[in-house]
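*Asks:* Residue numbers (the working numbering): 1 to 213. The beta carbon of each residue, even a glycine, is placed where N, CA and C say it ideally should be.
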(Lines of atoms letter the chains of each structure in order from A and count residues from 1; the text may use other names and numbers.)
(Lines give C-alpha, C1' and ligand atoms only; values in the text may rest on other atoms or scores of the structure.)
Protein backbone atom coordinates (compact mmCIF):
# COMPACT_ATOMS: atom_id res chain seq x y z
CA UNK A 1 0.00 0.00 0.00
CA UNK A 2 1.23 3.45 -0.85
CA UNK A 3 0.50 6.12 1.77
CA UNK A 4 1.25 9.81 1.25
CA UNK A 5 1.43 12.43 4.00
CA UNK A 6 0.37 15.94 3.03
CA UNK A 7 -0.20 19.23 4.84
CA UNK A 8 1.49 22.50 5.68
CA UNK A 9 5.12 22.70 6.66
CA UNK A 10 5.84 22.27 10.39
CA UNK A 11 2.57 20.57 11.28
CA UNK A 12 4.44 17.44 12.36
CA UNK A 13 4.32 15.05 9.39
CA UNK A 14 7.94 13.92 9.70
CA UNK A 15 7.65 13.56 13.48
CA UNK A 16 4.54 11.42 12.96
CA UNK A 17 6.39 9.11 10.57
CA UNK A 18 9.44 8.91 12.85
CA UNK A 19 7.26 7.90 15.79
CA UNK A 20 5.58 5.27 13.64
CA UNK A 21 8.86 3.85 12.37
CA UNK A 22 10.91 3.99 15.58
CA UNK A 23 8.45 4.68 18.42
CA UNK A 24 10.71 7.54 19.48
CA UNK A 25 10.43 11.31 19.46
CA UNK A 26 12.25 13.01 16.60
CA UNK A 27 15.20 14.75 18.28
CA UNK A 28 15.75 17.46 15.69
CA UNK A 29 13.14 18.55 13.20
CA UNK A 30 14.13 19.74 9.73
CA UNK A 31 11.87 20.70 6.89
CA UNK A 32 11.53 17.88 4.40
CA UNK A 33 13.07 18.72 1.04
CA UNK A 34 10.95 17.22 -1.73
CA UNK A 35 10.07 13.70 -0.61
CA UNK A 36 11.21 11.35 2.15
CA UNK A 37 10.43 7.68 1.54
CA UNK A 38 10.06 4.81 4.02
CA UNK A 39 9.07 1.14 4.02
CA UNK A 40 7.34 -0.59 6.88
CA UNK A 41 5.26 -3.74 7.36
CA UNK A 42 2.22 -3.29 9.55
CA UNK A 43 0.37 -6.22 11.10
CA UNK A 44 -3.32 -5.81 11.83
CA UNK A 45 -3.66 -7.35 15.33
CA UNK A 46 -7.34 -8.09 14.76
CA UNK A 47 -6.65 -10.40 11.79
CA UNK A 48 -2.91 -11.15 11.85
CA UNK A 49 -2.70 -9.97 8.24
CA UNK A 50 0.59 -8.30 7.24
CA UNK A 51 0.52 -5.25 4.99
CA UNK A 52 3.67 -3.87 3.32
CA UNK A 53 3.54 -0.07 3.33
CA UNK A 54 5.33 2.55 1.30
CA UNK A 55 5.18 5.87 3.15
CA UNK A 56 5.86 9.09 1.28
CA UNK A 57 6.42 12.12 3.50
CA UNK A 58 5.98 15.19 1.30
CA UNK A 59 7.30 18.71 1.77
CA UNK A 60 4.77 21.32 2.82
CA UNK A 61 6.50 24.28 1.18
CA UNK A 62 4.90 25.62 -1.97
CA UNK A 63 8.22 25.66 -3.86
CA UNK A 64 8.22 21.83 -3.85
CA UNK A 65 4.65 21.51 -5.13
CA UNK A 66 5.60 20.28 -8.59
CA UNK A 67 7.78 17.57 -7.04
CA UNK A 68 5.34 16.39 -4.40
CA UNK A 69 2.18 16.26 -6.49
CA UNK A 70 4.01 13.99 -8.94
CA UNK A 71 4.34 11.43 -6.14
CA UNK A 72 0.65 11.42 -5.22
CA UNK A 73 0.15 9.13 -8.20
CA UNK A 74 -0.97 5.57 -7.38
CA UNK A 75 -1.54 6.40 -3.69
CA UNK A 76 -3.89 4.02 -1.91
CA UNK A 77 -4.34 6.29 1.06
CA UNK A 78 -3.34 9.64 2.49
CA UNK A 79 -2.86 11.26 5.87
CA UNK A 80 -3.91 14.91 5.60
CA UNK A 81 -2.17 16.51 8.57
CA UNK A 82 -2.80 19.80 10.37
CA UNK A 83 -1.70 21.26 13.70
CA UNK A 84 -4.57 21.63 16.20
CA UNK A 85 -2.81 24.68 17.70
CA UNK A 86 -2.51 26.41 14.31
CA UNK A 87 -5.78 27.52 12.73
CA UNK A 88 -4.12 28.47 9.45
CA UNK A 89 -2.89 24.91 8.95
CA UNK A 90 -6.50 23.73 9.27
CA UNK A 91 -7.78 26.38 6.87
CA UNK A 92 -5.26 25.12 4.31
CA UNK A 93 -6.60 21.56 4.54
CA UNK A 94 -9.12 22.44 1.81
CA UNK A 95 -6.29 23.31 -0.58
CA UNK A 96 -4.36 20.13 0.19
CA UNK A 97 -7.42 17.94 -0.22
CA UNK A 98 -8.27 19.50 -3.58
CA UNK A 99 -4.69 19.02 -4.75
CA UNK A 100 -4.68 15.40 -3.63
CA UNK A 101 -7.93 14.61 -5.41
CA UNK A 102 -6.71 16.25 -8.60
CA UNK A 103 -3.67 13.96 -8.67
CA UNK A 104 -4.97 10.63 -7.36
CA UNK A 105 -7.80 8.19 -7.88
CA UNK A 106 -11.02 9.83 -6.63
CA UNK A 107 -11.60 6.86 -4.31
CA UNK A 108 -8.32 7.22 -2.40
CA UNK A 109 -8.93 6.76 1.33
CA UNK A 110 -8.03 9.88 3.33
CA UNK A 111 -7.65 10.40 7.07
CA UNK A 112 -7.63 13.94 8.42
CA UNK A 113 -5.14 13.95 11.31
CA UNK A 114 -4.95 16.61 13.99
CA UNK A 115 -1.34 16.63 15.18
CA UNK A 116 0.13 18.00 18.43
CA UNK A 117 -2.80 16.75 20.48
CA UNK A 118 -0.56 17.05 23.55
CA UNK A 119 -0.97 20.84 23.22
CA UNK A 120 -4.64 20.78 24.25
CA UNK A 121 -4.28 24.01 26.25
CA UNK A 122 -3.23 25.78 23.04
CA UNK A 123 -5.89 24.23 20.82
CA UNK A 124 -7.07 26.59 18.07
CA UNK A 125 -9.20 24.06 16.17
CA UNK A 126 -11.86 22.17 18.10
CA UNK A 127 -12.29 18.46 17.52
CA UNK A 128 -15.97 19.12 16.72
CA UNK A 129 -15.10 21.50 13.88
CA UNK A 130 -12.46 19.16 12.48
CA UNK A 131 -14.78 16.14 12.73
CA UNK A 132 -17.52 18.09 10.99
CA UNK A 133 -15.21 18.91 8.11
CA UNK A 134 -14.09 15.29 7.87
CA UNK A 135 -17.67 13.98 7.78
CA UNK A 136 -18.67 16.51 5.12
CA UNK A 137 -15.79 15.40 2.90
CA UNK A 138 -15.88 11.66 3.47
CA UNK A 139 -12.68 11.53 5.53
CA UNK A 140 -11.66 9.61 8.61
CA UNK A 141 -10.72 11.85 11.54
CA UNK A 142 -8.21 11.18 14.32
CA UNK A 143 -5.88 13.15 16.57
CA UNK A 144 -2.42 12.20 17.79
CA UNK A 145 0.92 13.46 19.05
CA UNK A 146 4.46 12.42 18.20
CA UNK A 147 5.19 12.64 21.96
CA UNK A 148 2.86 9.71 22.67
CA UNK A 149 3.81 6.05 22.55
CA UNK A 150 2.69 4.81 19.14
CA UNK A 151 0.58 2.02 20.68
CA UNK A 152 -1.32 4.38 23.00
CA UNK A 153 -5.10 4.09 23.06
CA UNK A 154 -7.47 1.71 21.32
CA UNK A 155 -9.41 1.46 18.09
CA UNK A 156 -12.36 3.49 19.36
CA UNK A 157 -10.37 6.49 20.63
CA UNK A 158 -10.50 9.77 18.76
CA UNK A 159 -7.03 10.64 20.07
CA UNK A 160 -4.48 7.82 20.08
CA UNK A 161 -0.92 6.85 19.17
CA UNK A 162 0.22 6.94 15.56
CA UNK A 163 0.03 3.14 15.16
CA UNK A 164 -3.74 3.46 15.60
CA UNK A 165 -3.82 6.16 12.92
CA UNK A 166 -2.15 3.94 10.36
CA UNK A 167 -4.28 0.94 11.33
CA UNK A 168 -7.52 2.86 10.83
CA UNK A 169 -6.35 4.10 7.44
CA UNK A 170 -5.08 0.66 6.45
CA UNK A 171 -8.38 -1.00 7.33
CA UNK A 172 -10.28 1.54 5.27
CA UNK A 173 -8.01 0.91 2.30
CA UNK A 174 -8.16 -2.88 2.68
CA UNK A 175 -11.96 -2.81 2.82
CA UNK A 176 -12.18 -0.71 -0.31
CA UNK A 177 -9.64 -2.81 -2.21
CA UNK A 178 -11.38 -6.06 -1.32
CA UNK A 179 -14.65 -4.57 -2.58
CA UNK A 180 -12.86 -3.72 -5.83
CA UNK A 181 -11.42 -7.23 -6.19
CA UNK A 182 -7.84 -6.31 -5.31
CA UNK A 183 -5.47 -7.91 -2.80
CA UNK A 184 -4.55 -5.27 -0.18
CA UNK A 185 -1.67 -7.41 1.17
CA UNK A 186 0.17 -7.20 -2.14
CA UNK A 187 2.54 -4.26 -2.67
CA UNK A 188 2.18 -3.16 -6.29
CA UNK A 189 4.98 -0.88 -7.48
CA UNK A 190 4.19 -1.35 -11.12
CA UNK A 191 2.15 1.84 -11.25
CA UNK A 192 4.84 4.04 -9.75
CA UNK A 193 7.03 6.18 -11.99
CA UNK A 194 10.40 4.60 -12.74
CA UNK A 195 12.26 7.65 -11.43
CA UNK A 196 10.45 7.28 -8.10
CA UNK A 197 11.98 3.84 -7.66
CA UNK A 198 15.54 4.62 -8.66
CA UNK A 199 15.92 7.96 -6.87
CA UNK A 200 16.13 6.25 -3.47
CA UNK A 201 19.19 5.50 -1.41
CA UNK A 202 19.87 2.13 0.23
CA UNK A 203 17.75 3.02 3.25
CA UNK A 204 14.76 3.60 1.02
CA UNK A 205 14.90 7.38 1.17
CA UNK A 206 14.97 9.85 -1.69
CA UNK A 207 18.39 11.39 -2.20
CA UNK A 208 16.89 14.87 -2.50
CA UNK A 209 15.76 14.88 1.15
CA UNK A 210 17.60 16.70 3.92
CA UNK A 211 15.18 15.58 6.58
CA UNK A 212 16.98 13.94 9.50
CA UNK A 213 13.99 11.76 10.24
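How big is the Cα-Cα spacing for residue 150 and residue 144?
*Replies:* For this step, residue 150 is matched to residue 150 along the chain shown. For this step, residue 144 is matched to residue 144 along the chain shown. Their backbone Cα atoms lie some 9 Å apart in a straight line.
*Asks:* Going by other Cβ atoms of all chains shown within 10 Å of its Cβ, with 16 needed for buried, is residue 129 buried or exposed?
*Replies:* Indexing the chain shown from 1 puts residue 129 at position 129. So residue 129 counts as exposed.
*Asks:* Taking only three categories from DSSP, how would you classify residue 153?
*Replies:* As a working mapping, residue 153 is identified with position 153 in the chain shown. The answer is coil: DSSP assigns residue 153 none of H, G, I, E or B.
*Asks:* Can you check DSSP and say which residues form a bridge with residue 39?
*Replies:* Residue mapping note: residue 39 aligns to position 39 of the chain shown, counting from 1. Answer by DSSP bridge pairing, in chain order: 54.
*Asks:* Round the Cβ separation of residue 35 and residue 169 to the nearest angstrom and send it over; I've been treating them as touching at under 8 Å.
*Replies:* Reading the chain shown from its first residue, position 35 is the one you call residue 35. Reading the chain shown from its first residue, position 169 is the one you call residue 169. Not really, about 19 Å apart at Cβ, beyond 8 Å.
*Asks:* Please work out which residues of its chain come closer than 8 Å, Cβ to Cβ, to residue 25, disregarding the five sequence neighbours upstream and downstream, and give them in chain order.
*Replies:* Along the chain shown, read from residue 1 onward, the residue named residue 25 stands at position 25. Contacts found: 15, 18, 19, 146, 147.
*Asks:* Which of helix, strand or coil does DSSP assign to residue 141?
*Replies:* By one-based count along the chain shown, residue 141 stands at place 141. Strand at residue 141.
*Asks:* Report yes or no: do three or more beta-carbon pairs, one from the stretch 93 to 107 and one from the stretch 116 to 127, lie closer than 8 Å?
*Replies:* no
*Asks:* Is the beta carbon of residue 11 less than 8 Å from the beta carbon of residue 81?
*Replies:* In the chain shown, the residue the question calls residue 11 occupies position 11. In the chain shown, the residue the question calls residue 81 occupies position 81. Judged by their CB atoms, residue 11 and residue 81 are nearer to each other than the 8 Å cut-off.
*Asks:* So, residue 76 versus residue 108, is the Cβ gap smaller than 8 Å?
*Replies:* Locating residue 76 in the chain shown gives position 76, where the first residue counts as 1. Locating residue 108 in the chain shown gives position 108, where the first residue counts as 1. A contact, by the Cβ cut-off of 8 Å.
*Asks:* Please classify residue 115: does DSSP put it in a helix, a strand, or coil?
*Replies:* Residue mapping note: residue 115 aligns to position 115 of the chain shown, counting from 1. Secondary structure of residue 115 (DSSP, three-state): strand.
*Asks:* Just to confirm before moving on: does the CB-CB distance between residue 112 and residue 72 stay below 8 Å?
*Replies:* Position 112 of the chain shown, counted from the start, is the residue given in the question as residue 112. Position 72 of the chain shown, counted from the start, is the residue given in the question as residue 72. No. Outside cutoff.
*Asks:* Leaving out five residues on either side along the sequence, give the residues of the same chain with a beta carbon under 6 Å from the beta carbon of residue 159.
*Replies:* For this step, residue 159 is matched to residue 159 along the chain shown. Taken in chain order, the residues that qualify are 117, 143.
*Asks:* Confirm, please, whether the CB-CB distance from residue 125 to residue 114 is below 8 Å.
*Replies:* As a first step, residue 114 must be located in the chain shown, where it is residue number 114. As a first step, residue 125 must be located in the chain shown, where it is residue number 125. A contact, by the Cβ cut-off of 8 Å.
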